[in-house]
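Novice:
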Amino acid sequence: MEQARQMLQHHFGYDEFRTGQAQIIEQTLTGQSSLCVMPTGGGKSICYQIPALMLDGLTIVVSPLISLMQDQVESLRAANIPAAYINSTLTAQEVNETMQLASAGYLKLLYIAPERLESTQFLQALSYLHVPLIAVDEAHCISQWGHDFRPSYRSIQKLFTLWPQKPTVLALTATATPAVCDDIRQLLSIAEDSAVITGFARENLAFSVLIGENKERFIKNYVEKNKNEVGIIYAATRKAVDALYELLTRFGVSVAKYHAGLSEEMRMSEQDRFLKNEARIMVATNAFGMGIDASNVRFIIHYQMPRNMESYYQEAGRAGRDGLPSACLLLYASGDVQTQRFLIEQTQDETRISQELAKLQTMVDYCHTEGCLQNAILTYFGEVPEEPCGRCSNCNDGREVNDVTTDAQKVLACVVRMGQKFGKTMIAQVLVGSKNQKVLDFGFTKLSTYGILKGQSVKDVSNFIEFLIAEGLLAVKHGTFPTIYVSEEGKTVLMGERTVLRKQAVTVRKL
Ligand code: ADP
Ligand code: ZN
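Number 249 in full-length UniProt numbering belongs to position 249 of the sequence shown; there are no gaps in the numbering.
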């Protein structure tokens, strides 16, 4: 390990390994296949780059993103490390030249896109090389349970039998639930005790969820107040990105935009403007960001709720990679749920829809939890958090705690009376005593729970229902449309066995 430390200093200019790095490197050098789960910015690359330098032969790095490969190879070359990549941007001639360099022993690292492994010709060319190590970046892409499954990742398994001796494998990811970790380990034959999972907590990030804001106004004020700060605003659709871009431009903010509807050329130049700090704000869909190493991002705003916790943590995690305090703000409106639901139903194949909708529900729950947000994230990723973070909007929420058990019982009872087969809005309408045609058609005016929350708005009651879902007292069933039923825990409230506490309702600013 002494030699590894010298490499760290010599090639990268750092004195000490960070948490997890030394262990991963040691395992890798001794031929033990490993899984490395580290937060974004934790320093995963060095975990395979240093072994690549120390091992005889060529390390192959499988990476899903072209831009990421190019950046990595450039910075490796700048550090005097012979590296190259092969992907769809190269001509056949360039591919040949690179393979020749590799077989002549001039390269230590070769980055490849997973699709390459579908070519038998390419596999044959590889089989003549000496490959001691295969690094699998963004390893969650191999798992169907992950949020970014790429079938071509399964071809990595072909590499296991290509040589007389199976190379050591190092799988790396920043976002993996326990189920995804198990899947990665199984598919890549990594022993359970070879997983190195460092904490997910990012001590410099302060999470906030804001409900009921005028989003445009909020963003305008925030951007004005943080005049010199670099930030990324994520929106769910291209249309929303375009609109926000227009809006901020009109306010005189230097802003760039990025989404899959723009030409490759335009995307590159917008990304460049942002990375060179010519534009201080980037407005983008989730197409932007993977592999972008902008360390000075001070805030990430989600203009709409993303579709699952994995995406959220990955995107929010792009703030503060330099370790300085940074903010991650999520602007929630109930319409976001419909937007994401629509996107899921449009893009996912049949078999994955219910799974994706369940993940979406977890995201909605996150937006309505009243506990520590950082801890909610950690719990989702399978960690057992110790203390509240003290930085998030819930930890810093001075609102009073109220006993809302009676109201909760009214809602739960109403859900039961309505047969547990309706959605949030319908339930809220019955509770406030609405004369909506559908309410009348179903004969709900005759229920004893009809109008028992009279005087409250449908919106407030809907929010209260969301809160009860986040608390696990109500649950959502995703059929043709989402329906709500009382959970086992909810039944204990109905039977008067437990109380329900809620922080005083958010006062929505009148605009
Ligand atoms: P990840 O892939 O986990 O998101 P990177 O490998 O890109 O993270 O590393 C993030 C940053 O941390 C890079 O700028 C890298 O040079 C730096 N870094 C990595 N290891 C160390 C270390 N031991 N000491 C200081 N900085 C480090
Ligand atoms: Zn907190």
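Here a beta-carbon is modelled for each residue, glycine too, at the ideal position from N, C-alpha and C.
For the putative contact between GLN409 and VAL493, defined by C-beta atoms under 8 Å, what is the C-beta separation to the nearest angstrom?
Specialist: One-based indexing of the sequence shown puts residue 409 at position 409. One-based indexing of the sequence shown puts residue 493 at position 493. Confirmed, Cβ separation roughly 6 Å.
Novice: Looking at the ligand ADP, does it come within less than 7 Å of THR98, judged from the CB to the closest heavy atom?
Specialist: The residue you call residue 98 lines up with position 98 of the sequence shown. No.
Novice: Residues around the ligand ZN, please: the ones whose beta-carbon is closer than 5 Å to some heavy atom of it, in chain order.
Specialist: Working through the chain, the matches are CYS372, GLN374, PRO388, CYS389, CYS392, CYS395.
Novice: Which of the three DSSP states is assigned to ARG509 in this structure?
Specialist: Against the sequence shown, residue 509 aligns to sequence position 509. Low per-residue confidence applies at ARG509: pLDDT is 41, beneath 50, and the placement is therefore not dependable, though the value from the model is reported in the following sentence. Correct three-state label for ARG509: coil.
Novice: Considering only the alpha carbon of each residue, which of GLY199, GLN346, ARG116 lies closest to PRO39?
Specialist: Within the sequence shown, numbered from 1, the residue matching residue 39 stands at position 39. For PRO39, the nearest C-alpha among the options comes from GLY199.
Novice: How far does the alpha helix (DSSP H) with LEU468 in it extend, from its first residue to its last?
Specialist: Counting from one through the sequence shown, the residue named residue 468 turns up at place 468. Taken as a continuous stretch (DSSP letters only), the alpha helix (DSSP H) holding LEU468 covers 458 to 470.
Novice: Can you give me the C-alpha to C-alpha distance between ASN296 and LYS227, rounded to a whole angstrom?
Specialist: Position 296 of the sequence shown, counting from 1, holds the residue named residue 296. Position 227 of the sequence shown, counting from 1, holds the residue named residue 227. Rounded to the nearest angstrom, the two C-alpha atoms are 14 Å apart.
Novice: Could you pull the DSSP bridge partners for CYS328 from this structure?
Specialist: Numbered from its first residue, the sequence shown carries residue 328 at position 328. The partner list for CYS328 (beta bridge, DSSP) reads PHE207, ILE300.
Novice: What first and last residue would you give for the beta strand (DSSP E) that runs through GLY231?
Specialist: Numbered from 1 along the sequence shown, position 231 holds the residue referred to as residue 231. GLY231 -> beta strand (DSSP E) spans 230 to 234.
Novice: From the DSSP output, in three-state form, read off LYS477 for me.
Specialist: Locating residue 477 in the sequence shown gives position 477, where the first residue counts as 1. DSSP places LYS477 in strand when its eight states are reduced to three.
Novice: List the residues that DSSP assigns as beta-bridge partners of VAL169.
Specialist: Here residue 169 refers to the residue found at position 169 when the sequence shown is read from its first residue. Partner(s): ILE134.
Novice: Does ASP71 come out as helix, strand or coil in the three-state DSSP assignment?
Specialist: For the purposes of this step, residue 71 is taken as the residue at position 71 of the sequence shown. In this structure, ASP71 counts as helix in the three-state DSSP scheme.
Novice: Are the C-beta atoms of ALA102 and some chain B residue less than 8 Å apart?
Specialist: Chain labels in this structure do not include chain B; a single protein chain is all it has.
Novice: Would you list the residues sitting across from LYS503 in a DSSP beta bridge?
Specialist: Translated into the one-based positions of the sequence shown, residue 503 becomes position 503. DSSP, once it has assigned bridges, lists VAL401 as partnering LYS503.
Novice: Does the distance from the CB of ILE81 to the CB of LEU110 come in under 8 Å?
Specialist: Position 81 of the sequence shown holds residue 81. Position 110 of the sequence shown holds residue 110. Not in contact: ILE81 and LEU110 (Cβ atoms no closer than 8 Å).
Novice: Mind reading off the beta-carbon distance from GLY43 to ARG18? Whole number of angstroms is fine, and I expect it under 8 Å.
Specialist: Translated into positions along the sequence shown, residue 43 becomes position 43. Translated into positions along the sequence shown, residue 18 becomes position 18. Yes, GLY43 and ARG18 are in contact; Cβ-Cβ is about 5 Å, under 8 Å.
Novice: In angstroms with no decimal places, state the Cα-to-Cα distance between THR449 and CYS367.
Specialist: In the sequence shown, the residue the question calls residue 449 occupies position 449. In the sequence shown, the residue the question calls residue 367 occupies position 367. Roughly 28 Å separates the two Cα atoms.
Novice: Could you say if the region 136 to 156 and the region 85 to 104 meet the contact criterion of at least three C-beta pairs nearer than 8 Å?
Specialist: Counting Cβ pairs under 8 Å, fewer than three are found: no touch.
Novice: Beta-carbon within less than 7 Å of GLY472's beta-carbon, same chain only, minus the 5 sequence neighbours each way: which residues are those?
Specialist: Locating residue 472 in the sequence shown gives position 472, where the first residue counts as 1. So the list reads SER487, GLU489, once near-sequence residues are dropped.
Novice: Is it buried or exposed for GLY20, if we count other Cβ within 10 angstroms and need 16 for buried?
Specialist: Here residue 20 refers to the residue found at position 20 when the sequence shown is read from its first residue. With 16 or more Cβ atoms within 10 Å of its Cβ, GLY20 is classed as buried.
Novice: Looking at TYR313: is its Cβ nearer than 8 Å to the Cβ of THR175?
Specialist: On the sequence shown, position 313 is the one that residue 313 refers to. On the sequence shown, position 175 is the one that residue 175 refers to. Contact flag set, yes.
Novice: What number of angstroms, rounded off, separates the C-alpha of HIS130 from the C-alpha of GLU74?
Specialist: By one-based count along the sequence shown, residue 130 stands at place 130. By one-based count along the sequence shown, residue 74 stands at place 74. C-alpha separation (whole angstroms): 23 Å.
Novice: What I want to know is whether the C-beta of TYR380 ends up closer than 7 Å to one or more non-hydrogen atoms of the ligand ADP.
Specialist: Position 380 of the sequence shown holds residue 380. Not under cutoff, so the answer is no.
Novice: Please say whether ALA428 and VAL461 have beta carbons closer to each other than 8 Å?
Specialist: Here the question's residue 461 lines up with position 461 in the sequence shown. Here the question's residue 428 lines up with position 428 in the sequence shown. Yes, they are a contact pair.
Novice: If we call anything under 8 Å between Cβ atoms a contact, is LEU55 one with PRO164?
Specialist: Position 55 of the sequence shown, counted from the first residue, corresponds to residue 55. Position 164 of the sequence shown, counted from the first residue, corresponds to residue 164. It is not a contact, given that the beta carbons lie outside the stated cut-off.
Novice: Just verifying my parser: in three-state terms, what is the DSSP assignment at SER34?
Specialist: The residue given as residue 34 occupies position 34 in the sequence shown. Reduced to three states, the DSSP call for SER34 is strand.
Novice: Kindly give me the distance between the Cβ atoms of PHE481 and VAL411, rounded to whole angstroms, as I take these residues to be in contact under 8 Å.
Specialist: The residue given as residue 481 occupies position 481 in the sequence shown. The residue given as residue 411 occupies position 411 in the sequence shown. No, PHE481 and VAL411 are not in contact; Cβ-Cβ is about 19 Å, not under 8 Å.
Novice: Is VAL401 buried or exposed, if buried means 16 or more other CB atoms sit within 10 Å of its CB?
Specialist: Locating residue 401 in the sequence shown gives position 401, where the first residue counts as 1. Label assigned to VAL401: exposed.
Novice: Using CA atoms only, rank isn't needed, just tell me which of LEU117, GLN186, GLN124, LEU123 is closest to HIS140.
Specialist: Against the sequence shown, residue 140 aligns to sequence position 140. HIS140 has its Cα closest to that of GLN186, out of LEU117, GLN186, GLN124, LEU123.
Novice: Flag ILE50 as yes when its Cβ comes closer than 7 Å to any non-hydrogen atom of the ligand ADP, and as no otherwise.
Specialist: Here residue 50 corresponds to residue number 50 of the sequence shown, with the count starting at 1. False, no ligand heavy atom lies under 7 Å from that Cβ.
Novice: Are the CB atoms of VAL241 and VAL283 within a distance shorter than 8 Å?
Specialist: Walking along the sequence shown from the start, residue 283 turns up at place 283. Walking along the sequence shown from the start, residue 241 turns up at place 241. A contact, by the Cβ cut-off of 8 Å.
Novice: Mind listing, in chain order, the continuous alpha helix (DSSP H) runs of no fewer than 4 residues lying wholly within the region 56 to 111?
Specialist: As far as the region 56 to 111 is concerned, its whole alpha helix (DSSP H) runs of at least 4 residues are 66 to 78, 92 to 103.
Novice: Quick check: what's the CA-CA separation for GLU16 versus GLN23?
Specialist: Translated into the one-based positions of the sequence shown, residue 16 becomes position 16. Translated into the one-based positions of the sequence shown, residue 23 becomes position 23. So the alpha carbons of these two residues sit roughly 13 Å apart.
Novice: Count the C-beta pairs between the region 264 to 282 and the region 217 to 233 that are closer than 8 Å, then say yes if the count reaches three, no if not.
Specialist: Segments in contact, yes.
Novice: Suppose the cutoff is 6 Å on Cβ atoms and the five residues either side in sequence are ignored; what does the same chain contact list for LEU373 look like?
Specialist: By one-based count along the sequence shown, residue 373 stands at place 373. Closer than 6 Å at the Cβ level, and outside the excluded window around LEU373, lie PHE207, CYS392, ASN394.
Novice: Express the C-alpha separation of ILE50 and LEU8 in angstroms, rounding to a whole number.
Specialist: For this step, residue 8 is matched to residue 8 along the sequence shown. For this step, residue 50 is matched to residue 50 along the sequence shown. Going by the C-alpha atoms only, they are around 7 Å apart.
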